[in-house]
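If you read the sequence shown in this note's numbering, its first letter stands for residue 28, the second for the next number, and so on. Quick reminder that beta carbons are idealized off the backbone N, C-alpha and C, glycines included.
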Amino acid sequence: MQILDRLWELGIPHVVFTGGEPTLRDDLPELVAHAERNGQITGLNTNARRLADPRFLHRLVDAGLDHVQVTVESHQPQIHDAMVRARGAWNQTIAGLRNALDTPLFVMTNTTMLRQNSPSLGETLDFLACLGVPTVGLNALIYSGHGLTAGTGLAERELPQLLDLARQHTEAAGQRLIWYTPTQYCHFDPTQLELGVKGCTAALYNMCVEPDGAVLPCQSYYRPLGNVLVDSWDSIWNHALAVSLRAREYIPQACSGCLLVSECGGGCPLALEAQMNQLISIDRVRISPGEQPAPLP
C-alpha cells in the first residue's frame, strides 16, 4: 500500500494490477480498495481463472475495481491451454470472463497472435463476440522472458492480413479493436488499417512497479530504473535508460532517414535487441570455406 500512496503523491491517477497473475494475491481486493480511497482508477490484467469464483470477483467489484482485461488465446481449449501451459485453464478463464461480463466492470480481452492460434483467429473473435465481449485487444509476441525462446512469433509482414481479418470480424460484431504492439512501419503500418499510431511507450506513458518498489520501463523490460519507495521520481524519470528509450536511441541507423520514424519510433526496442543478439550469434558461428568453427564462449 506504500507504493499506491507514493504513486498518488506523485500525481499518478491510474494503476493497473498485472503480473504474473495478480489474482494470486489474496489481498488484491484490499489493494484495490486502498487505491479507491486514494481516488485512483484501478484496472486488472488477468487470466480470470480466479474470477470463476463469483465471491472473489464481487469482492473486487465492491472494492472499486474499474476495468478488467482477460487473456484469451483461443476459442479452442487445447490451443489456449497449450499456449498458457496449464491444462484445464481455458474452462476456468471462460467461466471467469463470463462472470466479469455480468458485472458493471468495463471488460475486454487480449489475445497474443502466435503460430498456434493465428490460423483460427477469426473463429476466436466470433466466439468472443458471442460471449458479449465489447472490446478486443490483440498483440504480437513480446521478445522478453519466455518470448525470447518460444520460437512461435509471427514476422511483422504477416500481421497486416491477420489484422485486416480481425478488423472485419470486430466491425461486423460491433466491437472495438485495439492493437498494442509497436512495429516498424516499413514492415507493418497500423495506420493503414486505421488502428492508430503505435510506438513504444516504455518510460514515456507507462511504467511498471514491482511489489518491492522497483520501477521498470514497462512490464516486459526487466531492467530497473530505481525504486519508487527510496529514490526520487526525478532520478527514476531521468535514468539513463529511460532517457535513451524516450529519445529512441535504440533505432537502427537505417531508420534515421525514414519519413515515418517519428510515428514508428523504430518498433519495439526489445524486438530490435533480440534481432541484434540473433545476428551476433549467427556471426559468431559463421565460417569461411576451409575454416574450423570457433567454440562459443
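What would DSSP say about M234, mapped onto helix, strand or coil?
In this structure, M234 counts as coil in the three-state DSSP scheme.
Under the assumption that G164 contacts I205 (Cβ atoms under 8 Å), give the Cβ distance between them as a whole number of angstroms.
Right, their Cβ atoms sit about 4 Å apart.
DSSP on M135, reduced to helix/strand/coil?
The answer is strand: DSSP assigns M135 an E or B state.
Is the beta carbon of G240 closer than 7 Å to that of I30?
The answer is yes: Cβ separation under 7 Å.
Measure the alpha-carbon distance for Y212 versus G294 and round it to whole angstroms.
Near 8 Å, if we compare the C-alpha coordinates of G294 and Y212.
Roughly how many angstroms separate the alpha carbons of R33 and L297, rounded to a whole number?
Cα-Cα distance, rounded: 29 Å.
Are the region 49 to 58 and the region 81 to 90 touching by the rule of at least three beta carbon pairs closer than 8 Å?
At 8 Å Cβ cutoff, the stretches touch.
Below 8 Å CB to CB, which residues in the same chain sit around G292 once its five sequence neighbours on both sides are set aside?
Same-chain partners within the cutoff: P209, G226, C227, R275, I278.
Return the first residue and the last residue of the alpha helix (DSSP H) that N65 is part of.
Start and end: 55 to 65.
Please determine, among Y249, G284, G91, A281, the residue with the shortest C-alpha to C-alpha distance to A60.
That would be G91, whose Cα lies nearest to the Cα of A60.
State the DSSP-derived secondary structure class of Q280, mapped to helix, strand or coil.
Looking at Q280 - three-state DSSP - the assignment turns out to be helix.
Among M135, Y207, F154, T197, which residue has its Cα nearest to the Cα of Q103?
The option with the nearest alpha carbon to Q103 is F154.
Could you pull out every residue in the same chain whose Cβ sits closer than 7 Å to the Cβ of A199, ignoring the five residues on either side in sequence?
Nothing listed; no residue qualifies.
Measure from the alpha carbon of G174 to the alpha carbon of each residue in G159, E185, N74, R142, then state which is nearest.
It is R142.
Quick one: measure Cβ to Cβ for L189 and L152, integer angstroms, because I've assumed they're closer than 8 Å.
Contact flag wrong, Cβ pair sits at about 11 Å.
What would DSSP say about N304, mapped onto helix, strand or coil?
Helix at N304.
Quick one: what's G164 bridged to in DSSP?
DSSP, once it has assigned bridges, lists N137, I205 as partnering G164.
Per DSSP, which residues does V96 bridge with? Please list them.
The displayed chain sequence assigns Gln, not Val, to residue 96. Answer is N72, M135.
Looking only at DSSP bridge pairs, what is N265 linked to?
None; N265 has no bridge partner.
Taking all protein chains shown into account, do 16 or more other C-beta atoms lie within 10 angstroms of the C-beta of L256, making it buried, or fewer, making it exposed?
Exposed, because fewer than 16 other Cβ atoms sit within 10 Å of the Cβ of L256.
Expressed to the nearest angstrom, what Euclidean distance is found between the alpha-carbon atoms of N126 and E290?
The alpha-carbon atoms of N126 and E290 are separated by roughly 39 Å.
Taking the runs of the beta strand (DSSP E) that are 3 residues or longer, which of them lie wholly in the region 77 to 126?
The qualifying runs are 94 to 98.
Among the residues of its own chain, which have a CB less than 7 Å from the CB of T45, if the five just before and after it don't count?
Excluding sequence neighbours, T45 sits near N72, Q246.
Expressed to the nearest angstrom, what Euclidean distance is found between the alpha-carbon atoms of R311 and V160?
Note that R311 has pLDDT 48, beneath the 50 cutoff, so the model's placement of it is unreliable and the number below is only indicative. Approximately 48 Å, taken between the alpha carbons.
In this structure, what does DSSP give as the bridge partners for G253?
Answer is V242.
Classify L124 as buried or exposed, calling it buried when 16 or more other Cβ atoms lie within 10 Å of its own Cβ.
Its Cβ being crowded by 16 or more others within 10 Å, L124 is buried.
What do you reckon, are the CB atoms on V95 and L51 nearer than 7 Å?
It is not a contact, given that the beta carbons lie outside the stated cut-off.
Could you pull the DSSP bridge partners for H41 from this structure?
Answer by DSSP bridge pairing, in chain order: I68.
In the DSSP assignment, find the alpha helix (DSSP H) that holds E48 and state where it starts and stops.
Neither: E48 is in no alpha helix (DSSP H) and is coded neither H nor E.
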